[in-house]
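Start counting at 1 in the sequence shown, then tack on 454, and there's your number in the numbering used here.
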Amino acid sequence: MAGRYHQDQGGDGGASMEVVSTPNQELALTNCAYVSPADLRRFPNGLALVADAWVFTLRDHNAVASGRIALNAIQRRQAKVSAGDSVTVSSFVPPDDFKLALLTLDLDYAKARANRNDELDAVVLAQQLRKRFLNQVMTSGQRVPFEFYGTNYVFTVNQALLEGQESSTPLDRGFLSSDTYIIFEAAPNSGIKVINQKEAASSKLFKHKEFNLEKLGIGGLSAEFTDIFRRAFASRVFPPHVVSKLGIKHVKGILLYGPPGTGKTLMARQIGKLLNGKDPKIVNGPEVLSKFVGETEKNVRDLFADAENEQRTRGDQSDLHVIIFDEIDAICKSRGSTRDGTGVHDSIVNQLLTKIDGVEALNNVLLIGMTNRKDLLDEALLRPGRLEVHIEINLPDENGRLQILQIHTNKMKENSFLSPDINLQELGTLRQGSRESLATQNQIPSSPM
455 MAGRYHQDQG GDGGASMEVV STPNQELALT NCAYVSPADL RRFPNGLALV
505 ADAWVFTLRD HNAVASGRIA LNAIQRRQAK VSAGDSVTVS SFVPPDDFKL
555 ALLTLDLDYA KARANRNDEL DAVVLAQQLR KRFLNQVMTS GQRVPFEFYG
605 TNYVFTVNQA LLEGQESSTP LDRGFLSSDT YIIFEAAPNS GIKVINQKEA
655 ASSKLFKHKE FNLEKLGIGG LSAEFTDIFR RAFASRVFPP HVVSKLGIKH
705 VKGILLYGPP GTGKTLMARQ IGKLLNGKDP KIVNGPEVLS KFVGETEKNV
755 RDLFADAENE QRTRGDQSDL HVIIFDEIDA ICKSRGSTRD GTGVHDSIVN
805 QLLTKIDGVE ALNNVLLIGM TNRKDLLDEA LLRPGRLEVH IEINLPDENG
855 RLQILQIHTN KMKENSFLSP DINLQELGTL RQGSRESLAT QNQIPSSPM
């Protein structure tokens with residue numbers, strides 16, 4: 455008996471087809487969907503968009519009747535259909551430049567394995583997957599079964615980045631090509647250990663995939679945080695192999711500037727906490743200064759010593775070292791502007807410039823400087839390759855003031871100390887005249903006079 459097959463009314467050539475199981479287990483491990491020879495001719499490039507979400511390569515099989523589409527168990531689960539249900543199937547036309555540059559896969563067993571510990575060679579596994587799934591479309595979130603050395607596994611696509619793409623989105627997809635760089639990940643308790651993976655995944659740079667700024671105690675700075683992550687960390691989510699292949703240079707320095715009390719120090723401190731790896735070094739500019747000749751320059755060199763040693767021993771595998779300079783204008787004034795007769799300030803600037811972007815420049819350091827007086831800083835420190843990303847942390851707008859009020863009254867609400875007739879939305883629209891009242895970002899608001 456033939457399956458159901460009819461064109462969607464007013465659609466783009468999509469059709470409703472009856473779902474059946476894949477004819478055999480061997481075909482289930484190909485990640486392809488199977489249709490009858492007659493139906494395959496309806497899809498010129500052999501690619502089908504199923505359930506408006508997943509793109510599968512189509513192949514024909516005589517065991518599949520016309521009007522039916524055979525999906526394996528994992529494909530049916532992701533399409534949220536069962537055998538006998540109808541599913542929308544339409545032809546998928548890929549755009550230009552659809553090859554994947556980077557694919558991050560999470561590995562697991564197809565069936566739970568107790569007391570099993572397998573070592574998977576990343577190089578061999580990548581070769582096998584490229585061979586079996588070459589030119590298939592991989593979509594973020596997709597689960598794919600495969601067999602490797604007699605054991606059935608499943609990989610989940612955690613990240614799928616197209617060539618030239620800086621960051622991923624939930625619907626990212628592309629062709630797996632022979633040049634796609636594959637990163638394998640496995641949970642510590644999965645029983646799977648990946649060996650011989652030459653480059654670790656820099657996508658583990660952050661401790662969390664999503665950030666709740668309100669829980670971090672930061673209000674009114676979401677746009678600034680987005681700007682920092684986009685400009686300073688976009689390149690660092692790529693593995694070193696891809697970075698070198700694309701010729702990308704990491705941002706080495708960020709300057710946060712703006713009026714006093716607007717949250718610059720808090721923002722820099724929270725950035726350090728969000729990152730995996732080494733704890734950030736927080737330095738107050740005046741603390742670096744010393745009355746002894748050459749001691750100040752040595753203090754600056756010591757800040758970079760750990761990063762130098764790790765880059766020397768681990769190379770591109772080194773963790774990111776974050777150095778936070780508060781009140782950086784205290785030690786990096788324009789050279790020649792300080793007339794103390796010693797030239798110490800000029801030497802400090804020279805030493806810092808050499809460490810950030812000198813002959814032996816470090817690639818595993820991110821320097822975050824903060825100042826209220828950007829105009830005092832030496833121009834050479836602000837050029838590309840040094841503190842090149844400048845983010846102004848200004849006074850909060852109306853929405854930002856509301857977020858700040860919500861943060862500082864959260865404990866009051868929890869403990870019923872905040873009167874129910876308090877309207878934070880209305881308070882957020884108020885502006886007081888003095889600069890001190892305006893610049894209360896991330897500080898407890900003073901009582902009204």
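Don't be surprised by glycine CBs; every beta carbon is placed ideally from N, CA and C.
Straight-line Cα distance separating residue j from residue i
| i | j | result |
| --- | --- | --- |
| T542 | N516 | 21 Å |
| E880 | N853 | 11 Å |
| G739 | R766 | 27 Å |
| R584 | S632 | 6 Å |
| Q724 | V843 | 18 Å |
| L729 | K787 | 30 Å |
| R513 | I523 | 10 Å |
| S870 | T863 | 10 Å |
| T719 | R840 | 19 Å |
| L806 | N753 | 10 Å |
| P734 | R495 | 59 Å |
| E749 | L554 | 51 Å |
| Y607 | L579 | 11 Å |
| R530 | A487 | 10 Å |
| A576 | A641 | 15 Å |
| E601 | G645 | 16 Å |
| S900 | D551 | Because S900 sits at a pLDDT of 43, beneath the cut-off of 50, its placement in the model cannot be relied upon, and the point is left open. |
| V737 | A677 | 26 Å |
| G674 | M866 | 20 Å |
| D681 | A492 | 52 Å |
| E617 | N643 | 33 Å |
| S520 | G468 | 15 Å |
| Q651 | L757 | 31 Å |
| L630 | F638 | 15 Å |
| E762 | P838 | 21 Å |
| F679 | I778 | 16 Å |
| V489 | L556 | 30 Å |
| V611 | K647 | 18 Å |
| M477 | N485 | Checking the displayed sequence, the identity of residue 477 turns out to be Pro instead of Met. The alpha-carbon atoms of P477 and N485 are separated by roughly 13 Å. |
| T689 | A784 | Reading off the sequence shown, one finds Ser at residue 689, where the question assumed Thr. Each residue's alpha carbon lies about 31 Å from the other. |
| P923 | G628 | Outside the modelled stretch of the chain, which goes from 455 to 903, sits residue 923, for which no answer is possible. |
| L830 | L836 | 11 Å |
| R768 | L774 | 12 Å |
Which residues DSSP lists as bridging residue i, in chain order
| i | result |
| --- | --- |
| M824 | L710 |
| I637 | T558 |
| D597 | Per the sequence shown, residue 597 should be read as Arg rather than Asp. Its beta-bridge partners are T610. |
| L501 | T511 |
| M721 | Per DSSP, none; premise fails for M721. |
| K787 | L831 |
| N738 | D780 |
| A487 | L512 |
| I646 | D572 |
Where residue i falls: helix, strand or coil (DSSP)
| i | result |
| --- | --- |
| D800 | helix |
| D773 | coil |
| E617 | coil |
| D681 | helix |
| K703 | coil |
| N763 | helix |
| S632 | coil |
| T605 | strand |
| L757 | helix |
| E653 | Residue placement at E653 cannot be trusted, given a pLDDT of 46 that sits under 50; what the coordinates show is reported in the next sentence. Coil, per DSSP. |
| L675 | coil |
| D626 | coil |
| L729 | strand |
| D493 | helix |
| S475 | strand |
| D575 | strand |
Own chain partners of residue i with C-beta closer than 8 Å, once the 5 adjacent residues on each side are dropped
| i | result |
| --- | --- |
| V535 | V473, A505, L525 and V541 |
| N848 | G712, P713 and T716 |
| S801 | T750 and E751 |
| D626 | T593, S594, Q613, A614, L615, L616 and Q619 |
| A686 | V705, I708, L820 and V843 |
Contact set for residue i: own chain, Cβ-Cβ below 7 Å, skip 5 residues either direction
| i | result |
| --- | --- |
| L859 | L878, L881 and G882 |
| A564 | P599, N606, Y607 and V608 |
| Q479 | none |
| E573 | K647 and I649 |
Close-in-space but distant-in-sequence residues of the same chain around residue i (CB under 6 Å, 5 per side omitted)
| i | result |
| --- | --- |
| V803 | C786, R789 and D832 |
| S475 | A537 |
| G823 | L709, F779, I782 and L841 |
| T634 | L554 and L557 |
Self-check item: Continuous alpha helix (DSSP H) assignments of at least 4 residues falling wholly in the stretch 513 to 573
Solution: 527 to 533
Quiz item: Quick one: complete beta strand (DSSP E) runs, 3+ long, within the stretch 821 to 881?
Solution: Taking 3 residues as the minimum length, the beta strand (DSSP E) runs contained wholly in the stretch 821 to 881 are 843 to 846, in order along the chain.
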